[in-house]
């Protein structure tokens with residue numbers, strides 16, 4: 001049964017949220033705000049110091065991820081910069097940071113995107129989840145539809161369990 005670990009202790013998690021975009025600012029960042037709302041729905045609050053918007057630039061993305069890792073957050077969720085355009089480099093940065101990739105996350109995200117959201121355009125969706133030391137890093141597309149799908153169906157369902165596994 002997929003929910004056999006539901007009774008694990010749910011400690012208060014420290015989560016960082018990064019929006020990657022050349023055009024978004026805090027007032028217009030619907031994707032990042034949607035992540036924060038979904039986390040609040042499961043009683044996880046995001047400290048303002050752990051919420052950033054960065055340009056589609058490898059060095060900037062890496063710097064913020066490294067800062068959050070130094071802060072010992074339990075999880076990092078990035079939105080945006082996951083497409084196929086030349087400027088979309090979030091996935092490449094995350095791949096270079098993580099120790100272990102959880103391939104099933106991207107596979108299931110694309111399956112859900114195909115069946116519930118965008119149909120065959122799901123082949124353009126790049127999403128990744130992996131771990132670095134005791135931190136799980138999720139990278140998802142920045143559209144509100146993609147954020148809602150990933151947060152509702154995957155991340156909020158498994159974030160506590162993954163962190164528990166990393167820290168036991």
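In UniProt numbering, the protein residues as written are 1 to 168.
Cβ coordinates follow ideal geometry from the N, Cα and C atoms, glycine included.
Just so it is clear, the structure is predicted and the values come from calculations on it, not from any experiment.
Where residue i falls, given that 16 or more other Cβ within 10 Å makes a residue buried
i           : result
residue 28  : exposed
residue 172 : The requested residue 172 is not part of the displayed model; the chain covers only 1 to 168.
residue 85  : exposed
residue 115 : exposed
residue 56  : buried
residue 34  : buried
residue 120 : exposed
residue 46  : buried
residue 127 : buried
Counterpart residues of residue i in DSSP-defined beta bridges
i           : result
residue 128 : 139
residue 45  : According to DSSP, residue 45 bridges with nothing at all.
residue 19  : 53, 79
Residues of its chain near residue i, where Cβ-Cβ distance is below 8 Å and the 5 sequence neighbours each way are ignored
i           : result
residue 50  : 14, 15, 16, 17, 68, 71, 73
residue 62  : 93, 96, 97
residue 117 : 145, 146, 149
Beta-carbon proximity of residue i to residue j, cut-off 8 Å
i           : j           : result
residue 149 : residue 124 : no
residue 53  : residue 87  : no
residue 142 : residue 104 : no
residue 90  : residue 139 : yes
Own chain residues within Cβ distance below 7 Å of residue i, not counting five before or after
i           : result
residue 102 : 129, 130
residue 132 : 69, 97, 98, 99
residue 44  : 13, 15
residue 108 : 154
Neighbourhood of residue i by C-beta, 6 Å cutoff - its chain only, sequence neighbours within 5 removed
i           : result
residue 134 : 166, 167
residue 136 : 75, 162
DSSP state of residue i mapped onto helix, strand, coil
i           : result
residue 79  : strand
residue 71  : coil
residue 100 : strand
residue 121 : helix
residue 153 : helix
residue 146 : helix
residue 86  : coil
residue 63  : helix
residue 14  : coil
Any non-hydrogen atom of the ligand GDP within 7 Å of residue i CB
i          : result
residue 66 : The ligand GDP is not part of the structure shown, which contains no ligands of any sort.
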